[in-house]
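These notes are about the structure you will find just below.
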Amino acid sequence: MSEANYTVQQENASEISVAIKKPSSRYVDRLLKSKCGPDLIASGVFPNTKELTESYACLRAAEKMGEDLSDRTIQTVCVGDGSTPRTAATFAFNSGWFNHSVDPQLKLHGMHPIIHRVMMHPDKIESLTLTSEYRVIVIACHSHALLTRSLQHIHAPSIGLISMSCCVPDDLNQAPDKEYADWGCWSPHRVVRIWKEIDVARLGIAA
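Just so you know, we're using my numbering here: the sequence shown kicks off at 1 and counts up by one.
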C-alpha cells in the first residue's frame, strides 16, 4: 500500500505549488497527557521522538483491533524491539498485558530500570521458543525478521499480529484485516497492517 504525502495545489506554465503532508503530534500529546507519561519518559527507552511515535502507533493498532487492554492474560511479543524495550514498555505502561521484548541488540544494563511486566530477550526470535496458554499479539515494528519465521517460534492458541515494516517486507500468505498509513508516526515507513487472527494451520505454523 502506498499513499502520497503531497498534493499539487496549483500548476501553471512557470511554477508548481505543492502541499506536503506532515505527521501529527497526537502520540506525543497522548504521552504527555497520560498518567504514565512521566514514568515512561524517565525509563529512557525512547532514544528520540520518531521511535516513540512508532511504538505508540502499534499501541493504537492494538486498540483498532478491538483488544481489551485490561485483559491480563494477553501477552505481546515485540520482535525487533531495538536496543531498549521501547514497544514492550509502551504496552506495559498503557495496558495490563505481559510483554516480551526481543532483539539481539537489547542492552540489559542500560539507563532503563526494571519495568514491570516486561521480559527482555537479547536474542533473535529465531533462537527462541515462546509459549503461552492464552492469546498472544505479535508486534513487528520495523523488525528485520521475517514474519513467517517469527511466528514459527511463538506457540499460542490464538495469535494476532501488528506489522509496520521497513527494510524487510511482510511475507505472510494471508491478507491483513486492516491496512493504513498512520500519520501520527514520524517515520516514512508508517504503513500499519493488522491481522486479528493468524491462520496458523494455513500458514503451516504449529500452534
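Even glycine gets a Cβ: it sits at the ideal position worked out from N, Cα and C. A quick note: this is a predicted structure, and the numbers were derived from the prediction, not measured.
- In the three-state DSSP reduction, Ser127 falls in the helix class (H, G or I).
- Residues Ile74 and Ser158 of the same chain have their beta carbon placed closer than 6 Å to that of Arg135, with the five preceding and five following residues left out of the count.
- A Cβ-Cβ contact shorter than 7 Å links Thr53 with Cys185.
- Restricting attention to alpha helix (DSSP H) runs no shorter than 4 residues, the region 74-115 encloses them at 86-94, ordered along the chain.
- Met65 and Ser163 have their C-alpha atoms spaced approximately 12 Å apart.
- In the three-state reduction of the DSSP assignment, Ile198 falls in the coil class.
- With 16 or more other Cβ atoms from the protein chains shown falling within 10 Å of its own Cβ, Asn99 counts as buried.
- When the beta-carbon positions are compared, Ala145 and Gly80 come within less than 7 Å of each other.
- Non-local beta-carbon contacts of Ser95 in its own chain, meaning distances under 6 Å to residues more than five positions away in sequence, involve Leu69 in chain order.
- Proximity to His189 across Arg26, Pro169, Asp71 and Ile115 peaks at Pro169, based on C-alpha coordinates.
- In terms of Cα proximity to Ala181, the closest of Ile194, Ile198 and Leu106 is Ile194.
- Nearest to His155 by alpha-carbon distance, out of Ser43, Asn173 and Asp199, is Asp199.
- Here Arg193 carries a strand assignment [DSSP, helix/strand/coil].
- The C-beta of Arg202 has fewer than 16 other C-beta atoms within 10 Å across all chains shown, which makes the residue exposed.
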